[in-house]
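Numbering (our numbering), first residue to last: 1 to 145.
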């Protein structure tokens with residue numbers, strides 16, 4: 001029973017840490033994109049609020065679409081695709097309104113921010129993985145046994 005509690009606490013902790021990392025990295029990516037595209041107000045707090053909306057809106061719409069597709073209709077792919085398009089439109093609207101830019105520039109910032117976030121996250125994952133597999137050259141950690 002103790003193992004279950006430790007496993008559950010570890011899972012919840014990693015879930016919260018992962019969500020926090022996702023939000024912060026996404027906000028940084030959006031902030032960097034806003035600076036790169038020379039927005040008038042490239043403030044990090046705007047990017048963070050936008051990122052929270054960008055994470056929250058698709059999550060709720062995907063959840064609603066999943067529920068609806070399994071409860072009421074058989075066209076799961078259609079419902080999920082429509083939910084994705086609606087959530088993307090809402091996210092771009094949030095970015096555009098908060099930064100005070102046109103829809104085209106908001107889409108560009110959203111997509112560029114996503115690409116920047118993914119690239120940085122891949123680099124972080126590669127460095128950590130190489131460090132662990134390479135005998136701990138970054139962290140000093142060595143596998144036992």
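All C-beta atoms, glycine included, are put in the ideal place defined by N, C-alpha and C.
Nearest in C-alpha terms to residue 29, of all of 111, 130, 124, is 111.
The C-alpha of residue 121 is placed about 24 Å away from the C-alpha of residue 9. When rounded, the separation of the alpha-carbon atoms in residue 119 and residue 37 is 18 Å. Across the set 5, 107, 123, the C-alpha of 107 shows the shortest separation from the C-alpha of residue 39.
With respect to the C-alpha of residue 99, the residue from 130, 17, 51 having the closest C-alpha is 51. For the pair residue 34 and residue 48, the CB atoms are not nearer than the 7 Å cut-off. Around the CB of residue 18, fewer than 16 other CB atoms lie within 10 Å, so the residue is classed as exposed. It is roughly 10 Å from the alpha-carbon of residue 25 to the alpha-carbon of residue 31. Buried is the label assigned to residue 46, since at least 16 other Cβ atoms lie within 10 Å of its Cβ. In the same chain as residue 125, and ignoring 5 residues on each side of it, no C-beta atom comes closer than 6 Å to its own. A Cβ-Cβ distance of about 4 Å is found for the pair residue 94 and residue 53, placing them in contact under the 8 Å criterion. Boundaries of the alpha helix (DSSP H) around residue 30: 2–36.
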